[in-house]
Amino acid sequence: MLLLSLSFVYRRLKHPFTTAGLSNRWSCQSFLIEKADRAKRFEFLLKQTELFAHFIQPAAQKSPTSPLKVKLGRPRMKKDEKQSLISAGEYRHRRTEQEEDEELLSESRKTSNVCIRFEESPSYVKGGTLRDYQVRGLNWMISLYENGVNGILADEMGLGKTLQTIALLGYLKHYRNIPGPHMVLVPKSTLHNWMNEFKRWVPSLRAVCLIGDKDARAAFIRDVMMPGEWDVCVTSYEMVIKEKSVFKKFNWRYLVIDEAHRIKNEKSKLSEIVREFKTTNRLLLTGTPLQNNLHELWALLNFLLPDVFNSADDFDSWFDTKNCLGDQKLVERLHAVLKPFLLRRIKGEVEKSLPPKKEVKIYLGLSKMQREWYTRILMKDIDILNSAGKMDKMRLLNILMQLRKCCNHPYLFDGAENVKKLNWKPTNILETCLKDLIL
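Residue numbers for the sequence shown follow my numbering, beginning at 1 and rising by one.
This is the structure we're talking about:
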C-alpha cells in the first residue's frame, strides 16, 4: 500500500490536479476496493458451503449494487465513448491515469494474495515453539485474514488461544508489514498475563496496557497512545466503555476480544460500543461459543459478519433456534455454517501426548481457632440439628455454608482476626489454617 501511495502521488505531481478531483478519485477507488473485498469475502464463504447462499442471496436481491453482482476489473467502455476519446486525442497509445491506478491496485492485490502457510513454529516466536495444533490454528487464522473474513477461535481452555493470537499479530508485522494498531480487549484479571505473554513469545511486538484511574488514563493517552509508538493496545472492557471517545479516533487493524461471550447480548453497552469502532479485521476468543441459546451465537456472528448475518429473525427461522439442538439435521446445518470461521479443538483431540492428570489428596485436621469456631457454629444451631425430620432445609444449608467458611479460613468471619491483640502477627494468617500452611 505504501508503494501504491507513492506511485499515485508521483503521477499526480507530473499532472496538474484539483483538490476536489483528487478527493473524488480517492473516494471512488476506496468504494471500488471495498466492494471488491466484500465480493471476495462472500465468494470465500460460498465456496465453503452452499448454505451461505441462504443468507447472502436475499441481500443481493435487495441491493442493485450487491458485491455478488460486481464484476471485478476495469468497466468496459462504450463504443461511442471510446470513439469520442480517440477523436479528442485523449485515448492515444499512453494509458490514462485511471488505468494506471487500477493496474497498481490489481498488482497490490496479487502480491497480498500470496498466502503463507507455516509447517513449524515461526521464527519470530522467541519464547518457545508452537505445538502442531497451534501451528494449524495459526494457519487457519492467516487464511481467514487473507480472505478478509473474521473468525472465532473457540479452543478449549488451556490449548493456547492467547499464544496463537499473539503469533497471528506477529505474522502481520513480520510478513505483511502491518505492525498495527491492534486492540486486544480482555477481562481485567488477565491484563497482566496478556502483557507477559507478549513479552515472552513475540517481544518484537510493542504492547502497551491502558488501565488505571482517570488521571493515570489521561496521562497514558497523552504520552503513549496519541504519539503512536506502539503496536498493540491491551485494555479491559471497563476501560473501553470509559474511554470510548479515544478508541474511536483510531483505525484498528485487528480487534481481538477475549472471553467473547461478553458481547453475546447485542443490546449491551459493551457490544454497542465495540461495534462503533473502525476495524479492518475482528477475532473473537472464547472457550464456550454456545452457552444458553442460538440467538447469543447470532450476536457473535453478526459482530463478525454483519453483511451476512444481518437479520436475527432470519437466523432464528432458518435454524429454528428453539428446537435446533434436538434436531440432528439442524445441528448439522449449523455446523456447516460455522465451519468456515469457527475453529474449536478440545484437549482430548490434540493433546494426546499429555499424561492423565494426577490428583493427590492430603487430609488435614483443624487448627485450634478453626476448631473453636466450628464448635460455636454447631452449638449456636444445636436446636436445629436435634430437630430430626422437622429441620428447616434453608437453615440447614446456611449452617453448612458457615462450616465451609470455617474450614476455608476462620478469618472469613468478622472480628475473628482481632488484629488489635498485642501478640497478633501476620504469620497468624497461616498458623490459624493448616491448609494454607501446607500450601
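Positions of the beta carbon are idealized from the N, C-alpha and C atoms, including for glycine.
So the beta strand (DSSP E) residue i belongs to, where does it begin and stop?
i           : result
residue 230 : It is not in any beta strand (DSSP E) - residue 230 carries neither H nor E in the DSSP assignment.
residue 253 : 251 to 258
residue 278 : 278 to 285
residue 135 : Here residue 135 belongs to no beta strand (DSSP E); instead the alpha helix (DSSP H) covers 132 to 146.
residue 151 : 151 to 153
residue 168 : First-last for residue 168: 161 to 175, but that is the alpha helix (DSSP H), not the beta strand (DSSP E).
Taking the alpha-carbon positions, what's the residue i to residue j distance?
i           : j           : result
residue 201 : residue 125 : 5 Å
residue 85  : residue 241 : With a pLDDT of 36 at residue 85, under the threshold of 50, the predicted position of this residue should be treated as unreliable, though the coordinate-derived value follows. Those two C-alpha atoms are separated by around 55 Å.
residue 259 : residue 188 : 11 Å
residue 169 : residue 238 : 23 Å
residue 366 : residue 286 : 40 Å
residue 297 : residue 369 : 50 Å
residue 374 : residue 193 : 38 Å
residue 227 : residue 176 : 23 Å
residue 394 : residue 378 : 16 Å
residue 348 : residue 306 : 34 Å
residue 435 : residue 364 : 7 Å
residue 371 : residue 359 : 27 Å
residue 139 : residue 133 : 10 Å
residue 432 : residue 380 : 22 Å
residue 214 : residue 270 : 19 Å
residue 123 : residue 209 : 25 Å
Using the rule of at least 16 other Cβ atoms within 10 Å of the residue's Cβ for burial, across every protein chain shown, is residue i buried or exposed?
i           : result
residue 362 : exposed
residue 173 : buried
residue 116 : exposed
residue 357 : exposed
residue 161 : buried
residue 442 : A query on residue 442 cannot be resolved here, the shown segment of the chain reaching from 1 to 439 and no further.
residue 151 : buried
residue 253 : buried
residue 400 : exposed
residue 89  : At residue 89 the pLDDT is 40, less than 50, meaning the model places this residue with poor confidence and gives no usable figure here.
Check whether the Cβ atoms of residue i and residue j lie closer than 8 Å to each other.
i           : j           : result
residue 186 : residue 207 : no
residue 499 : residue 303 : Because the chain spans 1 through 439 in this model, residue 499 falls outside it and cannot be assessed.
residue 130 : residue 343 : no
residue 128 : residue 155 : no
residue 397 : residue 405 : no
residue 300 : residue 264 : yes
residue 256 : residue 182 : yes
residue 249 : residue 273 : no
residue 191 : residue 234 : yes
residue 288 : residue 261 : yes
residue 277 : residue 144 : no
residue 141 : residue 164 : yes
residue 350 : residue 159 : yes
residue 118 : residue 166 : no
Provide the residue(s) that pair with residue i in DSSP beta bridges, ordered along the chain.
i           : result
residue 209 : 234
residue 184 : 234 and 256
residue 342 : 152
If I follow the unbroken alpha helix (DSSP H) through residue i, where does it start and stop?
i           : result
residue 412 : Unbroken run through residue 412: none, as it is neither H nor E.
residue 465 : Coverage of the chain is limited to positions 1 through 439, which leaves residue 465 absent and any answer about it impossible.
residue 178 : From DSSP, residue 178 is part of no alpha helix (DSSP H); its letter is neither H nor E.
residue 377 : 368 to 380
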